[in-house]
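Visitor: Letter by letter, the sequence shown follows residues 19 to 119 in this note's numbering.
Backbone N, C-alpha and C define an ideal beta-carbon position, used for all residues, glycine too.
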Amino acid sequence: MSHIANSPRTRTRQKTERPRLHKVILVNDDFTPREFVTKVLKAEFRMSEDTAYKVMITAHRRGVCVVAVYAKDIAETKATRATDAGRAEGYPLLFTTEPEE
Ligand code: TYC
19 MSHIANSPRT RTRQKTERPR LHKVILVNDD FTPREFVTKV LKAEFRMSED TAYKVMITAH
79 RRGVCVVAVY AKDIAETKAT RATDAGRAEG YPLLFTTEPE E
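1) Is the beta carbon of Ala77 within less than 7 Å of some heavy atom of the ligand TYC?
2) Between which two residues does the alpha helix (DSSP H) containing Lys60 stretch?
3) Less than 7 Å between the CB of Val45 and some heavy atom of the ligand TYC, yes or no?
4) Exposed or buried, Gly108, counting other C-beta atoms within 10 Å across all chains shown (16 or more means buried)?
5) Does the separation of the CB atoms of His40 and Glu118 fall below 8 Å?
6) Please find out if some non-hydrogen atom of the ligand TYC comes closer than 7 Å to the beta-carbon of Pro51.
7) Short check: CB of Val87 to CB of Leu44, under 8 Å?
8) Looking at Asp48 and the ligand TYC, is the gap between the Cβ and the nearest heavy atom below 7 Å?
9) Cβ of Leu59 within 7 Å of any heavy atom in the ligand TYC?
This is how it looks when you write it as structure tokens:
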């Protein structure tokens, strides 16, 4: 079966590509307290205090910071949960997702 000549138009891919991973991105704002952002990063993304602080301060200084990468549905669930944690306290904290290149 491996030498049947398919025409170029009907030939199918031999390799299955892995689904792309998706980045969770932390977006800075002027209102959410630093300590709260760090707390959410620790709780939702299981970061150490040190890592969570570094991610928070990077978003604070640069506007955004990549938090982690996951399969699409996991990235979206975590971004939603983390954003909702801020909203529950009245903060505009925002986590977004974006496919990796
Ligand atoms: N900029 C906020 C402050 O000064 C802290 C903050 C950091 C908020 C990162 C959001 O993604 C964020 N209180």
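Guide: Let's see:
1) The residue labelled residue 77 in the question sits at position 59 within the sequence shown. At least one heavy atom of the ligand TYC is nearer than 7 Å to the Cβ of Ala77, so yes.
2) Against the sequence shown, residue 60 aligns to sequence position 42. Boundaries of the alpha helix (DSSP H) around Lys60: 52-63.
3) Taking the sequence shown and counting its residues from 1, one reaches residue 45 at position 27. Val45: yes, Cβ under 7 Å from the ligand TYC.
4) Your numbering for residue 108 matches position 90 in the sequence shown. With fewer than 16 other Cβ atoms within 10 Å, it is exposed.
5) Mapped onto the sequence shown, residue 40 falls at position 22. Mapped onto the sequence shown, residue 118 falls at position 100. Contact check for His40 against Glu118 passes: the beta carbons are separated by less than 8 Å.
6) For the purposes of this step, residue 51 is taken as the residue at position 33 of the sequence shown. Relative to the ligand TYC, Pro51 has its C-beta within less than 7 Å of a heavy atom.
7) Looking up residue 87 in the sequence shown gives position 69. Looking up residue 44 in the sequence shown gives position 26. It is not a contact, given that the beta carbons lie outside the stated cut-off.
8) In the sequence shown, counting from the first residue as 1, residue 48 sits at position 30. Yes.
9) For the purposes of this step, residue 59 is taken as residue 41 along the sequence shown, with counting starting at 1. Between the ligand TYC and the CB of Leu59, the shortest heavy atom gap is not smaller than 7 Å.
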